[in-house]
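Trainee:
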Amino acid sequence: APMMFTKERTLTRWVRAEAASGEFRTSKDLTEAFTQLKEVFLADMGATHAGNNPQLMAEGRELADAVIEIARTKMPVHTADLAVNGADLAQIITNGAETGTFLKYLLERVRCGNLPNERAALLEAAKHRQQKTSAKAKF
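The following block contains the structure:
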């Protein structure tokens, strides 16, 4: 199990780097790219000695599927992929000009795995950040 945990962290780091690269507009685009990469990866494996080893091919397929699942479910590419939008934050943020900053903050927290991409969790995190921002402004 420790190897699986390390593998997932490594894969997540890779997917996170691609999500933040600016090459993709949405999570759907990122997922599609990894799906295409899976096909190339498996074809490449099949053309080597691994093609004669069903276990190696199964492990390669499992690895590729794990990457696709991370991209599909855990890695928003753009703030539009978040479970909240600017209108949702309007009741929380006192300075509307900071909406984009808040959304980027939430995006980064979700990408890092510190926050689930769920409406309630994102709204709570935005409230907490607004309270911290307001407290700093008073000093």
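Quick note on numbering: the working numbering labels position 10 of the sequence shown as -1, and the sequence is numbered without any gaps. Glycine included, each C-beta is placed from N, C-alpha and C at the ideal position.
D70 lies in the alpha helix (DSSP H); which residues open and close that run?
Mentor: Taking the first residue of the sequence shown as 1, we reach residue 70 at position 81. First-last for D70: undefined, no H or E at that position.
Trainee: Rounding to the nearest angstrom, what Cα-Cα distance links K27 and T20 in this structure?
Mentor: Position 38 of the sequence shown, counted from the start, is the residue given in the question as residue 27. Position 31 of the sequence shown, counted from the start, is the residue given in the question as residue 20. Going by the C-alpha atoms only, they are around 10 Å apart.
Trainee: Taking the alpha carbon of V73 as the reference point, which residue from E107, F13, S16 has its own alpha carbon closest?
Mentor: Locating residue 73 in the sequence shown gives position 84, counting from the first residue. The option with the nearest alpha carbon to V73 is E107.
Trainee: The ligand MN heavy atoms versus the CB of T68: any closer than 7 Å?
Mentor: This structure simply doesn't include the ligand MN, nor any ligand for that matter.
Trainee: Find the nearest neighbour of I57 within the set H117, E87, V4, A9, judged by alpha-carbon distance.
Mentor: One-based indexing of the sequence shown puts residue 57 at position 68. Ranking H117, E87, V4, A9 by Cα distance to I57 puts V4 first.
Trainee: For Q80, which of A115, Q25, A36 has the nearest alpha-carbon?
Mentor: For this step, residue 80 is matched to residue 91 along the sequence shown. Per the Cα distances, A115.
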